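In this note's numbering, the protein residues as written are 267 to 682.
Working notes for the structure below.
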Amino acid sequence: MSCSKDGGIEVDENGETKVDESEEAPNSETKNGSKIVSGDPGLNTFLITSNDETVYTVNAETGEETEVYTFSYQTYLEVLPGYSNGTIYVTADDNSINAINMTDKSLAWEQSILEYRFSTEGVTPPTCVDGVCYASGGTGVVVAVDEVNGNLKWYYTTEPNGNLDTSLNDNSTPVVYGDKVYVFSDEGFTNGLPAYMHILDKETGSLIQKVELPNEVSGTPVFVGDIMYLPAKKMYAINLQSLEILWTLEGNGMGTPFVSDDKMVVVGEPVENISSVLYCIDINSRTILWEKSTGTDVLSAPIIVENVVYSNYDKGSVFAHFNNGRPFAVNLENGEELWYNEGVSVDHSPVYANGVLFYHGHYISSDSDEKVGLLSLDANTGEVLWLNPFFDNGYHINPLIVAENGVFGPSYYRGE
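Dropping the structure here:
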């Protein structure tokens, strides 16, 4: 760290993942045989996910799915939904935001991100805060719409000249913090533009400040007090008032950080290394307390629960854009492994809710012929609680969990 201002997966002949039978899968006991987190699974009610064009809810205890709403053929949904007061909010690849009423399973409203486009790349998940949903569309246009009726409140385009459809400008999911909306645009796909941070007024969408970034963001920025932790190849701690860089963690890539009290955990790719590492950092002394190898250079998003860190060890995949992560839990204080499940391969970062982890993945060590689908794991032991093979193939939303005590998603979920 510096202070500044300024193994591949093995498959058999049928394409199935090979398992080393000599390894425990899963490790059924924690090291001390007791619970490592205190959450009550009974508080979890249902999950929200999708299969191709259809949105489903899934019973959190049994894994049984219920169809909620089906969009038109080949209209695929983006990677994470939003939820509030019985309404599901999703963005789709036709460049739209949609609200689904769970009571009567109907489409409450739909709103284009200024214009509909079929199979649009670059549409972000919605961020719904204080009665407004924010999302970015396929040409760098950010919109704010009313949660109740979908009416457009304002829009902002990251295209330098204010054009709406002449340049492909991908943005990351808008982050709402205080009275501002932070939008991070990628380097231009065809026009050679640098990456920028656009700071917008939350109420009007007007540009407050535009800052050129040294690199594209590689994860979701995290805001704590007056500091923004910005993963953009390196990890930057930035004062929100002055935008001064307080300190930097060097690397060739940084994922989404998670901050709890005085500690940050983040998966990064060290300089001159193609593998990734889970770092635990003291944000006051700016020192690395411990680090743990996490396999290939997949920048997954770890999560802290009480005194436990959940993350994935990725073994790499022979298929492009597919992850092959093994979930694990370690002690936040010293990085000591509490459990590791070799018998499960997961596609995305951990989603935790009340003592349970949820993933889409492959239950490799199962005796059943149906091994791929939506998974529920005991967060204390790593054991699989249930598998729903209905979600074996197709285009999936990462699960969002609705519980009696809140709504839970991966660490980069910014809902309420």
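The C-beta atom is built at its ideal place from N, Cα and C for all residues, glycine as well.
Please read all numbers here as calculations on a predicted model, not as lab measurements.
Residue environment, residue i, which counts as buried when at least 16 other CB atoms sit within 10 Å
i	result
Glu331	buried
Tyr382	exposed
Leu466	buried
Gly672	exposed
Pro683	Any answer about residue 683 is impossible in this case: the structure gives the chain only from 267 up to 682.
Glu510	exposed
Ser294	Confidence at Ser294 is low in this model, with a pLDDT of 40, below 50, so the placement of that residue should be treated as unreliable; the coordinate-derived value is given next. That one is exposed.
Phe337	buried
Ile354	buried
Tyr679	buried
Asp436	buried
Gly639	buried
Asn607	buried
Ile504	buried
Val447	buried
Gly561	buried
Asn427	exposed
CB of residue i within 8 angstroms of CB of residue j, strictly
i	j	result
Val617	Ile663	no
Gly519	Asp452	no
Phe674	Ala619	yes
Lys544	Ser577	Looking at the sequence itself, residue 544 is Leu, so the reference to Lys does not match. Yes, Cβ-Cβ distance for Leu544 and Ser577 is below 8 angstroms.
Glu376	Gly397	no
Leu565	Gly521	yes
Thr486	Thr439	yes
Pro497	Glu478	no
Ile630	Gly648	no
Val449	Ser378	no
Thr424	Tyr400	no
Asp548	Asp528	yes
Pro665	Glu636	no
Ser300	Glu572	no
Leu598	Ile570	yes
Leu515	Asp492	no
Thr393	Val356	no
For residue j and residue i, believed in contact at Cβ under 8 angstroms, the rounded distance
i	j	result
Asp644	Leu651	6 angstroms
Pro593	Ser677	Their Cβ separation, rounded to whole angstroms, is 14 angstroms, which puts Pro593 and Ser677 out of contact at 8 angstroms.
Asn364	Gly352	Their Cβ separation, rounded to whole angstroms, is 15 angstroms, which puts Asn364 and Gly352 out of contact at 8 angstroms.
Val531	Val488	So it is not a contact: roughly 11 angstroms between Cβ atoms.
Glu670	Leu309	5 angstroms
Tyr322	Val334	6 angstroms
Met501	Gly534	7 angstroms
Tyr422	Val408	5 angstroms
Val525	Tyr495	7 angstroms
Residue i at chain D interface by Cβ criterion, 8 angstroms
i	result
Leu640	Any reference to chain D falls outside this structure, which holds one protein chain only.
Q: Could I get the ranges of all uninterrupted beta strand (DSSP E) runs contained in the segment 332-360, with 3 residues as the minimum, in chain order?
A: 348-350, 353-358
Q) Within the chosen definition, does the segment 607-615 reach the segment 311-321 through at least 3 CB pairs nearer than 8 angstroms? A) no
Q: Report yes or no: do the segment 333-342 and the segment 353-370 share at least 3 C-beta pairs separated by less than 8 angstroms?
A: yes
Q: Note down, one range per segment and in chain order, each beta strand (DSSP E) of at least 3 residues found wholly within the segment 589-667.
A: 591-597, 603-606, 610-612, 617-619, 622-629, 638-644, 650-654
(Q) Using a Cβ distance threshold of 8 angstroms, determine whether the segment 597-606 contacts the segment 620-633, with at least three qualifying pairs required. (A) no
(Q) At 3 residues or longer, what runs of the beta strand (DSSP E) sit wholly inside the segment 463-496? (A) 473-478, 488-490
Q) Which whole runs of the beta strand (DSSP E) in the segment 507-563 are 3 residues long or more, in chain order? A) 511-515, 524-526, 529-535, 541-548, 553-562
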